[in-house]
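Working notes for the structure below.
Here it is, written out as structure tokens:
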């Protein structure tokens, strides 16, 4: 039997009873494949995904990267489920530990309410249900050890548009009856992300996105740039894993079309109608619209979790400020993870002494 020819009786699995509105297998993403025309994919809210894995023990000693996986102790690149809008239902066919992070929704196991951002043991026969989101758009469900799924071009990340990744390496979203293999695990000492530390998914008061300008900035007049930074934009319903279309004061550009070139995560394109488009994980690899700059990667999760109608503004920062923000975020997450591990070790020691 090859590594990815799964014996479900030997390994165990979660069965999809209902995939909800839109559920996908994701890991951190597919990198180094842009020359083949393949985009990155990966979780739209990378921080929530990181902590889910950490809280089930996946990569519990690793630094920042991905939140559902940290809470179950996983390799930070362990495969998990991204559930958009909610409605996911799973039946457990082996003992394991799971954690759900991200958007606010109701989590139940066998009909009993459970806490988000905390690891929970499950056993064969249990039924897991995620309700519909009340704040935010996307939740992440990680299991100890991660789902055992074959990588496609170096990643399990599902990109529906490209037809790659996912359970069967064909880019399909999860369907009723799908079996998600995983290795059984004994109950872990509970890991929890403190309520005060959890991200705020209430965007009713608007949000601010930090942006680094790029080399095409001279294509926009000083008046156009001032209009861009001083005004507010609204998230439109034209939003998906590729990007988010905004609505607001039109931004004029001296050139409406350029030679196509590679596009980075968070790039802000200005098409001929002047309405900004912020590109996300499943963006096309090449594009010819002018780009005023790129949203800081640390802020892209906010846009991915923001519903239509959310009002936002842009804040200009320089590359050094962006670099410092990333270093501070990594240090902060590392400290939080160390505190979680310390509390977990203390709880385990107390249990052993009883």
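Residue numbers (my numbering): 356 to 709.
C-beta atoms are modelled at their ideal positions from N, C-alpha and C, and glycine is treated no differently.
This structure is a prediction, so every number in the text was calculated from the model and none was measured.
Pair within 9 Å by beta-carbon distance, residue 495 and residue 373: no
The beta strand (DSSP E) enclosing residue 377, as first and last residue numbers: 377–381
Residue 527 versus 691, 368 and 378, residue with shortest Cα-Cα distance: The shortest C-alpha to C-alpha distance from residue 527 to any of 691, 368 and 378 is the one to 378.
Straight-line Cα distance separating residue 376 from residue 595: 13 Å
Where residue 657 falls, given that 16 or more other Cβ within 10 Å makes a residue buried: buried
Beta-carbon contacts of residue 478 that lie in its chain and below 6 Å, excluding the five residues immediately before and after: 450
Buried versus exposed call for residue 454 [16 or more other C-beta atoms within 10 Å across all chains shown]: buried
Opening and closing residue of the beta strand (DSSP E) in which residue 659 lies: Not the beta strand (DSSP E): residue 659 falls in the alpha helix (DSSP H), residues 655–660.
Rounded C-alpha distance that separates residue 535 from residue 433: 13 Å
Per-residue DSSP class, three states only, for residue 517: helix
Residue 381 classed as buried or exposed, judged by whether at least 16 other C-beta atoms fall within 10 angstroms: buried
Buried or exposed (CB count within 10 angstroms, at least 16 for buried), residue 550: exposed
Nearest-angstrom Cα separation, counted from residue 513 out to residue 392: 15 Å
CB of residue 410 within 9 Å of CB of residue 548, strictly: yes
Cutoff 7 Å; reference residue 469; Cβ partners in own chain excluding five residues on either side: Annotation for residue 469: 462, 463 and 475 place their beta carbon closer than 7 Å to its own, counting only its chain and skipping 5 residues before and after.
Residue closest to residue 629, alpha-carbon to alpha-carbon, out of 574, 689 and 439: 574
Cβ distance (whole Å) where residue 680 is taken to contact residue 651 below 8 Å: 6 Å
Three-pair Cβ contact test at 8 Å for the region 600–608 versus the region 616–632: With the cut-off at 8 Å, the region 600–608 and the region 616–632 touch.
Expected contact under 8 Å - CB spacing of residue 581 and residue 646 to nearest Å: 18 Å between Cβ atoms; not a contact.
Sequence-distant residues of the same chain with beta carbon closer than 7 Å to residue 386, five excluded per side: Annotation for residue 386: 395 place their beta carbon closer than 7 Å to its own, counting only its chain and skipping 5 residues before and after.
Own chain, CB closer than 7 Å to residue 691, minus 5 neighbours either side, in chain order: 552
Unbroken stretches of the beta strand (DSSP E), 3 residues or longer, contained in the region 515–578: 534–536 and 562–568
Closest residue to residue 520 among 444, 368, 472 and 383 (Cα-Cα distance): 383
Close-in-space but distant-in-sequence residues of the same chain around residue 592 (CB under 8 Å, 5 per side omitted): 663
Residue range of the unbroken alpha helix (DSSP H) whose run includes residue 409: 401–409
Inter-residue Cα distance where the pair is residue 610 and residue 492: 35 Å
Rounded straight-line distance, which links the Cα of residue 431 to that of residue 408: Straight across, the Cα-Cα distance linking residue 408 with residue 431 is about 6 Å.
DSSP three-state assignment for residue 384, whether helix, strand or coil: coil
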